[in-house]
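A.B. asks: Questions regarding the structure given below will be posed in turn.
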Amino acid sequence: MSQALYRFFDAGGRLLYIGISLNPGVRWKQHRADKPWWTEVATVTVEAHLDRTAVQAAEREAIRAERPRYNVAHNQTPEGGARLASMLTGMAEPPARFRDACPGCGDARLPDELYADEAGWVAVYDCCENWTREVAA
715 MSQALYRFFD AGGRLLYIGI SLNPGVRWKQ HRADKPWWTE VATVTVEAHL DRTAVQAAER
775 EAIRAERPRY NVAHNQTPEG GARLASMLTG MAEPPARFRD ACPGCGDARL PDELYADEAG
835 WVAVYDCCEN WTREVAA
């Protein structure tokens, strides 16, 4: 099954965010529901990659090279670094339940994404047709 690397741009063509997904439509609905920057998105591009390893490497390199405004992980801009530092301040390690199995299908695996946001730790599992998003403060 192919993996998608997507880029969100604003109306002026500025890169807002780079992400990956097995099911981009589902993932974009999550962004729409919980990202304040979603209203800035005007266009989207999508690249297909053969497997998870390839798309993760492509995402990491694209974020480092292109410096999207709202990515935190892999983003070496001062804005990205400051945002990551502010989110992680005072947070402990991610909860153990994020290191065991997907809560959606029970597959024993690590999350495909694990990051901190305003609500706490977020783990995203992309092992089933539907993404599972778990949040723990």
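If you count the sequence shown from 1, you need to add 714 to reach the numbering used here. Ideal placement from N, C-alpha and C gives every residue a C-beta, glycine not left out. The model shown is predicted, which means the values in this text are computed figures rather than measured ones.
1. On the three-state DSSP scale, how would you describe Arg746?
2. From this set, Asp821, Gln717, Cys816, which residue's C-alpha is nearest Ala762's C-alpha?
3. Could you give the residue range of the beta strand (DSSP E) that holds Thr757?
4. Sorted by chain position, which residues of the same chain lie with C-beta nearer than 7 Å to Leu730's C-beta, five sequence neighbours on each side aside?
5. Rounded to whole angstroms, what's the CA-CA distance from Lys743 to Thr757? Just pull it up for me.
6. Take Ile734 as the anchor and find which of Ala771, Asp821, Gly820 has the nearest alpha-carbon.
C.D. replies: On the basis of the supplied data:
1. helix
2. Gln717
3. 757–763
4. Phe722, Phe723, Asp724, Trp751, Glu754, Val755, Pro782, Arg783, Tyr784
5. 15 Å
6. Ala771
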